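Numbering (the working numbering), first residue to last: 156 to 362. All C-beta atoms, glycine included, are put in the ideal place defined by N, C-alpha and C. These numbers come from a predicted model, not from an experiment. Below is one structure, written out as structure tokens; the observations come after it.
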Ligand SMILES: Nc1nc2c(ncn2[C@@H]2O[C@H](COP(=O)(O)OP(=O)(O)OP(=O)(O)O)[C@@H](O)[C@H]2O)c(=O)[nH]1
Ligand SMILES: [Mg+2]
């Protein structure tokens, strides 16, 4: 759909993608917003977000979609990214057992930082590599149940189920916001302020 006018926005939601390096976070975002796939992606280092617009029940909804870069995967930075997050998508690679194990480590410190009502998704990516599959769908669903998450399997390469995952998730965020079970309020630019503030505090400590 056409880009939603920010002045007329009804909902603005922040979505965060996390997961072991190489699971396919950037590829999923590129597939969603650009409808393309790039085989030669470098690991994500900087801070960046993409946007995606929806029209749901005649209401305009904008997503700010962030990826938690590997180098910033520490407890303190995770908490900054997680602030006012309405949805967290935990991505693993269905051919890589380590990427599923990574999730347990991440939840150990991230659980208390996940905002109340945040929609949690577990996403098994690289569904096109069925011959190399190391994690079954049942194992994926069992992991999702363990952390009370919805479960999807996707392929960024073939574009399988990525649009559906984001659209259904967006509807769920809207429902939770409408019935007041989602407590986050995300205001544009608030992330930058908090992030820069935190860097300044960190710098001071080292001086
Ligand atoms: N076959 C296949 N390869 C994929 C898929 N998604 C991503 N890849 C490949 O996996 C590699 C890593 O993808 P990225 O999207 O950079 O992964 P990432 O999770 O963003 O990685 P970091 O930024 O390092 O944390 C790249 O070579 C992609 O081309 C997929 O659905 N199928
Ligand atoms: Mg990346």
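Report buried or exposed for residue 163, applying the criterion of at least 16 other Cβ atoms within 10 angstroms of its Cβ. exposed
How big is the Cα-Cα spacing for residue 284 and residue 248? 10 Å
Is residue 289 near residue 251, with beta carbons less than 8 Å apart? yes
I believe residue 244 touches residue 278 by the beta-carbon criterion, under 8 Å. Please report the beta-carbon distance rounded to the nearest angstrom. 5 Å
I need the straight-line Cα distance from residue 230 to residue 318, nearest angstrom please. 30 Å
Taking the beta carbon of residue 360 as the centre, do at least 16 other beta carbons fall within 10 Å, making it buried, or is it exposed? With a pLDDT of 43 at residue 360, under the threshold of 50, the predicted position of this residue should be treated as unreliable, though the coordinate-derived value follows. By the neighbour-count rule (16 or more Cβ atoms within 10 Å), residue 360 is not buried but exposed.
Rounded to whole angstroms, what's the CA-CA distance from residue 242 to residue 276? Just pull it up for me. 8 Å
Quick check: what's the CA-CA separation for residue 213 versus residue 189? 24 Å
Return helix, strand or coil for residue 176, following the three-state DSSP convention. coil
Per DSSP, residue 280 is paired with what? 248
For residue 194, which of helix, strand or coil comes out of DSSP? coil
Cβ of residue 265 versus every heavy atom of ligand 1: is any distance shorter than 7 Å? no
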